[in-house]
Amino acid sequence: MSAVLTPVLRERFDAIRALYPEEMSNSLVLPLLHCTQEAQGFVTEDDTVMIAAYIGVPAMQVLEAMRWYTMFHGAPQGRHVVKVCRNIACALRGSESLIAHLQQRLGINVGQTTPDGRFTLQTVECLASCGTAPAMQVGDTYFEQLDAARVDEILKDLP
Amino acid sequence: MKSDRVFQSFPVTADTHTLDAYRARGGYGGLTKALTAMQPLEVEQQVAASGLQGRGGAGFGVGQKWSFVSKKSPVVYLCCNADEGEPGTFKDRWILEHSPHQLLEGMLLASYALRVRHAFVYIRGEFDLPLRRLQGALQEARAAGLVGERILGTDFSCDIVIHRGAGAYVCGEESSLLNSLEGKKGYPRNKPPFPAIKGLYQRPTVVNNVETLSAVPWIIVNGGPAYAAMGVKKNPGTRLFGLSGHVDRPGIYERPTGYPLKKLLFEDAGGVLGGKALKAVIPGGSSTPILTAAEAEHLTLDAEALSKAGSMLGSGAIIVIAEGTCMVRLLQVLTRFYSHESCGQCTPCREGTDWMNRILQRILAGQGTAADLVSLQEIPQAIMGKTICALGDAASMPVLSFIKKFGPEFQHYIEHGRSVHDGRLTV
Amino acid sequence: MKLTIDQREIEALDGENVLQAAKRHGIEIPHFCYHDKLSVAGNCRMCLVKVNGLPKLMPACNLPVAPKMNIETQCDEVHKARKQVMQFILLNHPVDCGICDKAGECTLQDNQVRYGSPESRSAEPKLHQRKLFALSPRISLDNERCILCSRCVRFTSEISGSNALGIVDRGCHSYVERVSSQPFDDPYSDNVIGLCPTGALLSADFLYKSRVWFLEPVRSVCTGCSRGCSVDAWRRMKVREPKAPGMPQPQVYRISAHDNPEINGPWLCNKGFDLAKAMARERPLQPTLAGQPASGAAAVAQARRLLAEAQKPALLVSAHASNEELDACRDALQALGGRVTAYVRQDVQPAAGEVLQDALLIRADKNPNSFGVQARFGSAAFDATAGHDLVIVWGEFTDFASLGEVRTVHLSTFGPAPGARIDVALPVSTTFERAGSFSNFEGKRNTFVAVHDKPPEVQHAADVFRSLFS
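Residue numbers (our numbering), protein chains in the order written: chain Z, 10 to 168; chain P, 18 to 444; chain C, 2 to 471.
Here it is in structure tokens:
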């Protein structure tokens, strides 16, 4: 089944399409997946069918991309997706205790969402914040040079 | 521009990324010179004369790469690789945040030399401020007639599109990047053919790293030979070295190649965090073989010296590890990373990276055996040189080098079911 | 150009890869993902060879031949690499050959036996995946057995164009999948079964019916359309007949594509894969006279009587007839000196929803030998106004009412529509029950041999005509 391409989304799709040379319509797969996820917080298989139809590529191509790239969520997430880097430089600067602190404070494990739907906690690989480790990304925003206190402050200030 | 600094030639402030600030420090002078007084071939020749080598990690000669592109091809593409994902690396980010116009100018110069009409910046999907700064710079550049039709009133036209990735380390590999740009999974391509022959949509394509392209304006302004005169002869120029981990003042430090590592770490960057003794250094990003403190003692930061030491200059990302760090746990951070990032296309990497990670996990859980150390020699050796792309090698070298240099720690963990250093990773 | 493989100088063709060149000279380089009708994937890494003494082994499938190239496929390094690749491929493979239909014709088994090590070097529990998944009603998918060679994916992308299959998720967790809201109803879907080098993709129809080493392939030709693809019909070997009476066994267990570069290459459409099912439909096993069972002799005798009485007899020739049957019919007719007017037709029309014609194999004419018929009998269609009083209908036919007020003799395999008023009905043999040939729409002749005996009371059409027209 295809998801419905709403007029609002279509307008955004058209604007993105205009940025690329005409012969490169296949390149729209990632930008349109991002656009769809920005609108609704996640991307379903039906969305991939819709996007594929808009671009004119096989549905399987968009589905493969949606499943392979880690930034796309296949299901609704919490309002704020908290992504803490667990790679080497952050690990050397305390990311593990940060993650433990977050689990304790939010009352959830990595991969879970708080019951009130406010936070989803994930670990991610290197964010290229090695010089300002440890770091996390909440939604689109980077937060760096973290410690437990700063993390608490950041979470408190989020809507 | 200060003659020995290609990048960090100015103090960073709130505005230094803007077009005005860039122009004030001589920005777009190189582009103006090239478009008004040089032929495309001359631009290519200056870059070749500079001896500039790729700054992404592979270190391939830029002039050589550009020369592979046929002068007769009607369509040539340029892709800037801004998918910075090698653990420890955060230098391209520095350029995007503080001097994005330098990248744009470098891309325009490369496009002029290679006859590129459409250029792309493939920027990792996670980037926040670097993306916004680049987008802002591109807007400014367009408005000022520096990007688009008839640049600076000449016959040269070039458009730049910023294309976001979506979370995949392997997309930093150039052929994977191209497949991703084509709207597919980032599966690397078998080579031959190479991108300069058949790249984006099967057209000749040059893929260059952010730092590489951003060095081109300086080269055009000051001449290739002037660049070649900096640093070490066989590996010239300056590099944006990144220091992270157990270091007092982590950050990006531009230094000429051949600069002593010890000086960089202990004099420029304040030494090991908390005044601890140095235990080890990963010199060029997590994929490069680890060096002990002793091996790092007299090391100079150039390709040949690193090669002699049994490692690589890589992305210039120096990860500092202090005494008391558990190397077994640290290795598992990396094996987990590589198995997570393995694209899944080819057999040795797909199966082997997960295999190595699960062995490390079992060792960490206190269930390791002596046979595991044998496996952790055999598996990386079975992977290396047999994969479609270098991720297989990148995943293998840390395993081989960690165990080679810190074998007793691994043996201890296996024999006693726990870490010598209580599993500590922090200082 | 000349190059050396294993110290042997061989002649290679421009544009070939080393794997192809080696194969042409009888040197087998093991591989899984390479197929010469599909794009190069180079993902299995089994075909790694040593090139020009260089330290890094290269995949032979992606290595264009070059003059004076020196390839080694038998050195220690290559042997070791093959063992290592087999270790990785089998790392999470279930090795459930004991319950897998592919056993005995499995590339994975063959390469493991020839090139692998006897034991796994892994102490880890195997990763699990989906098993016995109905990819479609026709195809069962076992993702654990899959080695992710991507042949099936490339087939649906490059050959059939349905793009139904892909590989989702990453790394060791990736698996072959289809879009769940889009059924895998590609008319060429079953080709992936033969393409699959392991037991991951299996025919649901053939599932658990027999071990393949009890079966043997017999060369036949599909009767589904005028392409006339070469097929193999698999029957139980005589020496492997079950010793004790047990469950009834099919006469033909399965159909596979027979690689015929002239006609269908290595491919076949699903209708072709269903050929055995089509041949095994319920059919009349006894001649009838006005609907009543009769002996073959009595039926032929009555037909001869009707022919002698007829003023203006006609014959509708079957487009499913083999060239040999058509020759026998024409020769027998000539003995009657033109008394019988022969008409041609296309016995079988496309069914509702059936693919009409495409760029790959499927042709709109759903009969295997229209070419052979027209070459011998011309192209005149039956004329109901010509005043015929007897019509001998040869082949499948339903619209007896359209013939008008005539006496009818019907030679067919699967019988007329129920309720049809036939004077003499003579069941005749199928393609599987005799040898012969068809000429496809391009006039290319394709031969078949008998797969099994015909039922005793069913006759060969050629014999019927020889009796009828003498």
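C-beta: ideal position from N, C-alpha, C; glycine also. For clarity, every value in this text was computed on a predicted model and none was experimentally measured.
Distance check for residue j and residue i, CA to CA, integer angstroms please.
| i | j | result |
| --- | --- | --- |
| Asn196(P) | Tyr204(P) | 7 Å |
| Glu443(C) | Gly225(C) | 16 Å |
| Ile214(P) | Val79(C) | 30 Å |
| Ala158(P) | Leu121(P) | 8 Å |
| Val96(C) | Ser257(C) | 25 Å |
| Ala124(C) | Ile380(P) | 12 Å |
| Glu6(Z) | Gln112(Z) | Beyond the ends of chain Z as shown, which are 10 and 168, falls residue 6(Z); an answer cannot be given. |
| Asn207(P) | Cys363(P) | 10 Å |
| Ala294(P) | Gln219(P) | 52 Å |
| Ala160(P) | Ala154(P) | 10 Å |
| Ala281(C) | Pro249(C) | 13 Å |
| Glu459(P) | Cys96(P) | In this structure chain P extends from 18 to 444, so residue 459(P) is not present and cannot be described. |
| Glu340(P) | Lys296(P) | 5 Å |
| Thr79(Z) | Gln46(Z) | 13 Å |
| Val178(P) | Asn225(P) | 15 Å |
| Phe439(C) | Leu216(C) | 26 Å |
| Arg241(C) | Val232(C) | 22 Å |
| Leu14(Z) | Met59(Z) | 7 Å |
| Arg236(C) | Phe433(C) | 11 Å |
| Thr342(P) | Val298(P) | 12 Å |
| Leu334(C) | Gly420(C) | 30 Å |
| Lys19(P) | Tyr355(P) | Its pLDDT being 46, under 50, Lys19(P) is placed unreliably by the model, and the measurement read from it follows with that caveat. Going from the Cα of Lys19(P) to the Cα of Tyr355(P) covers about 40 Å. |
| Phe33(C) | Pro198(C) | 6 Å |
Considering only the alpha carbon of each residue, which of the options lies closest to residue i?
| i | options | result |
| --- | --- | --- |
| Gln350(C) | Leu276(C), Phe134(C) and Arg364(C) | Arg364(C) |
| Ala246(P) | Pro267(P), Pro234(P), Gly262(P) and Thr274(P) | Thr274(P) |
| Pro457(C) | Ala298(C), Asp359(C) and Pro369(C) | Ala298(C) |
| Val52(C) | Cys34(C), Asp191(C) and Asn18(C) | Asn18(C) |
| Arg435(C) | Asn324(C), His94(C), Leu133(C) and Glu73(C) | Asn324(C) |
| Gly302(P) | Met414(P), Gly123(P), Glu61(P) and Leu169(P) | Met414(P) |
| Thr243(P) | Phe258(P), Gly68(P), Phe24(P) and Tyr129(P) | Residue identity check: residue 243(P) is Ala in the sequence provided, not Thr. Closest option to Ala243(P), Cα to Cα, is Gly68(P). |
| Pro267(P) | Ser34(Z), Val90(Z), Gly83(Z) and Ser138(Z) | Ser138(Z) |
| Val341(C) | Leu92(C), Thr5(C) and Gln312(C) | Gln312(C) |
| Pro1(Z) | Val66(Z), Gln49(Z), Phe128(Z) and Cys44(Z) | Residue numbering for chain Z in the displayed model covers 10 to 168; residue 1(Z) lies beyond these limits and cannot be assessed. |
| Ala385(C) | Val374(C), Gly405(C) and Gly43(C) | Gly405(C) |
| Gln49(Z) | Ala62(Z), Val17(Z) and Leu107(Z) | Val17(Z) |
| Gly27(C) | Thr199(C), Phe33(C) and Ala13(C) | Ala13(C) |
| Ala277(C) | Glu263(C), Val222(C) and Leu307(C) | Val222(C) |
DSSP beta-bridge partners for residue i?
| i | result |
| --- | --- |
| Gln293(C) | Leu290(C) |
| Arg479(C) | The requested residue 479(C) does not occur in the structure, where chain C is confined to residues 2 to 471. |
| Leu216(C) | Arg237(C) |
| Tyr204(P) | The partner list for Tyr204(P) (beta bridge, DSSP) is empty, contrary to what the question assumes. |
| Leu135(P) | The amino acid at residue 135(P) is misidentified as Leu; the sequence shows His. According to DSSP, which records beta bridges pairwise, His135(P) is partnered with Tyr94(P) and Asp176(P). |
| Ala135(C) | Ser141(C) |
| Ala339(P) | Leu295(P) |
| Ile117(Z) | Beta-bridge pairing links Ile117(Z) to no other residue. |
So what does DSSP say about residue i, is it helix, strand or coil?
| i | result |
| --- | --- |
| His411(C) | strand |
| Leu351(P) | helix |
| Asp77(C) | helix |
| Phe258(P) | strand |
| Lys19(P) | With a pLDDT of 46 at Lys19(P), under the threshold of 50, the predicted position of this residue should be treated as unreliable, though the coordinate-derived value follows. Correct three-state label for Lys19(P): coil. |
| Ser116(P) | coil |
| Ser40(C) | coil |
| Thr386(C) | coil |
| Ile28(C) | coil |
| Leu1(Z) | Summary: the structure shown does not reach residue 1(Z), with chain Z confined to residues 10 through 168, and so no result is reported for it. |
With a threshold of 7 Å (Cβ to nearest heavy atom), would residue i be considered close to the ligand HEM?
| i | result |
| --- | --- |
| Arg305(C) | With respect to the ligand HEM, the structure offers nothing, as it holds no ligand at all. |
Contacting positions in the stretch 61 to 90 of chain C - beta carbon closer than 9 Å to chain P: Cys62, Asn63, Leu64, Pro65, Lys81, Ala82, Lys84, Gln85, Val86, Gln88, Phe89 and Ile90
Contact set between the stretch 153 to 175 of chain C and chain P, restricted to residues whose Cβ is under 8 Å from the partner: Residues of the stretch 153 to 175 of chain C with a C-beta less than 8 Å from any C-beta of chain P: Ile168, Asp170, Arg171, Gly172, Cys173, His174 and Ser175, listed in chain order.
Residues of the stretch 101 to 126 of chain Z with Cβ closer than 9 Å to any Cβ of chain P, in chain order: When C-beta distances to chain P are compared with 9 Å, the residues of the stretch 101 to 126 of chain Z below that value are Leu101, Arg102, Gly103, Ser104, Glu105 and Ser106, in chain order.
Near-chain Z residues of the stretch 259 to 271 of chain P - C-beta to any C-beta below 8 Å: Gly259, Leu260, Ser261, Gly262, His263, Pro267, Gly268 and Ile269
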